[in-house]
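Asker: Below are the C-alpha cells for one structure; questions will follow.
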Amino acid sequence: AQSVAQPEDQVNVAEGNPLTVKCTYSVSGNPYLFWYVQYPNRGLQFLLKYITGDNLVKGSYGFEAEFNKSQTSFHLKKPSALVSDSALYFCAVRDMGSSNTGKLIFGQGTTLQVKP
Amino acid sequence: DVKVTQSSRYLVKRTGEKVFLECVQDMDHENMFWYRQDPGLGLRLIYFSYDVKMKEKGDIPEGYSVSREKKERFSLILESASTNQTSMYLCASSWGGSPETQYFGPGTRLLVL
Chain W
3 AQSVAQPEDQ VNVAEGNPLT VKCTYSVSGN PYLFWYVQYP NRGLQFLLKY
53 ITGDNLVKGS YGFEAEFNKS QTSFHLKKPS ALVSDSALYF CAVRDMGSSN
103 TGKLIFGQGT TLQVKP
Chain Y
81 DVKVTQSSRY LVKRTGEKVF LECVQDMDHE NMFWYRQDPG LGLRLIYFSY
131 DVKMKEKGDI PEGYSVSREK KERFSLILES ASTNQTSMYL CASSWGGSPE
181 TQYFGPGTRL LVL
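Structural data, given as C-alpha cells:
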C-alpha cells in the first residue's frame with residue numbers, strides 16, 4: 003500500500019538555525035513528491051515538488067528538499083529558519099494508482115515552531 | 081493569482097441537517113478536490129472531479145456527495161450531518177497539465193452538534 007510518513011508531530015528550531023522536517027514514503031515505481039505548507043488561519047500552499055532530475059529541489063521562501071531513493075525519503079530543509087516559517091507542513095506523494103488525476107496521499111503533518 | 085474561495089469559514093449545524101459546502105475557483109482549472117483535515121490524520125480526500133459533471137470517490141466518500149455543474153464550482157453535500165463529520169473541509173483546484181500542484185481555499189470549519 004502507498005503511504006507517506008512524517009515521523010515528527012512537532013519540530014522546534016531557534017531562529018537562524020537550519021531546519022529539517024522529515025518525510026518518508028512507500029510507493030511502487032518512481033514517486034512524485036510534494037511539500038505543502040499551512041500558515042496559521044490560512045489555506046495550504048504548494049511549496050515544492052520532485053518529479054525527476056536533480057535530487058535537490060528548490061522551492062518557495064528559501065526551502066529546499068532532498069530526494070533520497072535508497073532511504074525513500076524527501077526531507078524538507080532550510081539553511082536558516084525564520085520565525086515566520088512557523089507553520090504546519092505536509093508531505094505528499096502522487097497516488098500511483100490514479101496517475102494524472104492529481105490524487106495525492108498526504109502525511110499527517112508536522113508543526114514547525116521557530117523561536118526567536 | 082489563483083483564487084479558490086469557499087462559501088463559509090465557519091458553520092454550525094445540527095445532526096441530521098443537510099449541509100452544502102460551496103467552492104469556486106477562478107482559474108479555469110479542470111480538477112477540483114474536497115478534503116477533510118483532522119489533527120493527526122493529515123488531509124484525506126473525500127471526492128474529486130476532473131471535468132464538469134464528472135466525479136470520483138476519494139478515500140473517505142461515505143456520508144458525502146458532490147456536484148459539479150459548472151467548471152468553476154464544486155459543491156460538497158453532507159446528506160445527513162453527523163457529529164463525526166465535525167472537521168475542517170478544504171477545497172482545492174488544479175490545472176490538468178500539473179494536477180498535483182493544487183491551490184487550496186481557506187477552509188470551512190464545520191461543527192455538527
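So the sequence lines, in the order shown, correspond to chains W and Y.
Be aware that the first sequence starts at 3, since it is given in my numbering, and climbs by one per residue.
Be aware that the second sequence starts at 81, since it is given in my numbering, and climbs by one per residue.
A virtual CB, placed ideally from N, CA and C, is assigned to each residue, including glycine.
Please read all numbers here as calculations on a predicted model, not as lab measurements.
1. Helix, strand or coil for Val-85 (chain W)? Go by DSSP, reduced to three states.
2. Tell me where the beta strand (DSSP E) around Tyr-27 (chain W) begins and ends.
3. Is the beta carbon of Val-29 (chain W) closer than 8 Å to that of Thr-112 (chain W)?
4. Is the distance from the Cβ of Val-6 (chain W) to the Cβ of Ala-94 (chain W) below 8 Å?
5. Determine the DSSP secondary structure at Tyr-34 (chain W), reduced to helix, strand or coil.
6. Which residue from Y:Phe-113, Y:Leu-123, Y:Ser-87 and Y:Arg-89 puts its Cα closest to that of Met-134 (chain Y)?
7. Does any C-beta atom of chain W lie closer than 8 Å to the C-beta of Leu-123 (chain Y)?
8. For Asp-106 (chain Y), does the count of other Cβ atoms within 10 angstroms reach 16, so buried, or fall short, so exposed?
9. Can you find a C-beta in chain W that's less than 8 Å from the C-beta of Leu-101 (chain Y)?
10. Regarding Phe-65 (chain W) and the ligand GDP, is the C-beta to nearest heavy atom distance less than 7 Å?
11. How many whole angstroms separate the CB atoms of Arg-116 (chain Y) and Arg-189 (chain Y), which I take to be in contact at a CB cut-off of 8 Å?
12. Would you decide whether Lys-98 (chain Y) is buried or exposed? Buried here means 16 or more other CB atoms lie within 10 Å of its CB.
13. By alpha-carbon positions, which one of Y:Phe-100, Y:Val-104 and Y:Trp-175 ends up nearest to Leu-146 (chain Y)?
14. Closer than 9 Å by beta-carbon distance: list the chain Y residues that pair up with Phe-76 (chain W), in chain order.
15. Per DSSP, what kind of secondary structure is Gln-165 (chain Y) in: helix, strand or coil?
16. Looking only at its chain, what residues have a beta carbon closer than 8 Å to the beta carbon of Lys-60 (chain W), apart from the 5 residues adjacent to it on each side?
17. I want to verify the contact list: residues of chain W whose CB lies under 7 Å from the CB of Pro-186 (chain Y), in sequence order.
18. For Tyr-127 (chain Y) and chain W, any beta-carbon pair shorter than 8 Å?
19. Which class does Tyr-41 (chain W) belong to by DSSP, given the choice of helix, strand or coil?
20. Tell me which same chain residues have a C-beta within less than 6 Å of the C-beta of Lys-79 (chain W), skipping the five on either side of it?
21. Determine, using beta carbons only, whether Thr-166 (chain Y) comes closer than 8 Å to chain W.
Answerer: In this structure, then:
1. Val-85 (chain W): helix per DSSP, three-state reduction.
2. For Tyr-27 (chain W), the enclosing beta strand (DSSP E) has its first and last residue at 26 to 28.
3. For Thr-112 (chain W) and Val-29 (chain W), no; Cβs fall outside 8 Å.
4. Yes. Within cutoff.
5. Here DSSP, grouped into helix, strand and coil, assigns Tyr-34 (chain W) to coil.
6. Out of Y:Phe-113, Y:Leu-123, Y:Ser-87 and Y:Arg-89, Y:Phe-113 has the C-alpha closest to the C-alpha of Met-134 (chain Y).
7. Residue-level contact by beta carbon holds for Leu-123 (chain Y) and chain W, with a gap shorter than 8 Å.
8. Under a 10 Å Cβ-count criterion, Asp-106 (chain Y) is classified as exposed, with fewer than 16 other Cβ atoms of the shown protein chains found around its own Cβ.
9. Leu-101 (chain Y) has a beta carbon lying at 8 Å or more from every beta carbon in chain W.
10. Of ligands this structure carries none, so the ligand GDP is not represented either.
11. Taking 8 Å as the upper bound for CB-CB distance, Arg-116 (chain Y) and Arg-189 (chain Y) are not in contact here, some 11 Å apart.
12. Exposed, since its Cβ has fewer than 16 Cβ neighbours within 10 Å.
13. The question names Leu, yet the displayed sequence has Val at residue 146 (chain Y). Of Y:Phe-100, Y:Val-104 and Y:Trp-175, the residue nearest in Cα terms is Y:Phe-100.
14. Those within 9 Å of Phe-76 (chain W) in chain Y number zero; the least Cβ separation is about 14 Å.
15. DSSP, read as helix, strand or coil, puts Gln-165 (chain Y) in helix.
16. The residues Leu-50 and Glu-66, in chain order, have a CB closer than 8 Å to that of Lys-60 (chain W) in the same chain once the five nearest residues on each side in sequence are set aside.
17. Correct list: Arg-44 and Gly-45.
18. Chain W contact via Cβ: absent.
19. In this structure, DSSP gives Tyr-41 (chain W) a state outside helix and strand, which the three-state scheme calls coil.
20. Contacts found: Thr-22 and Glu-66.
21. By this cut-off, Thr-166 (chain Y) is not an interface position.
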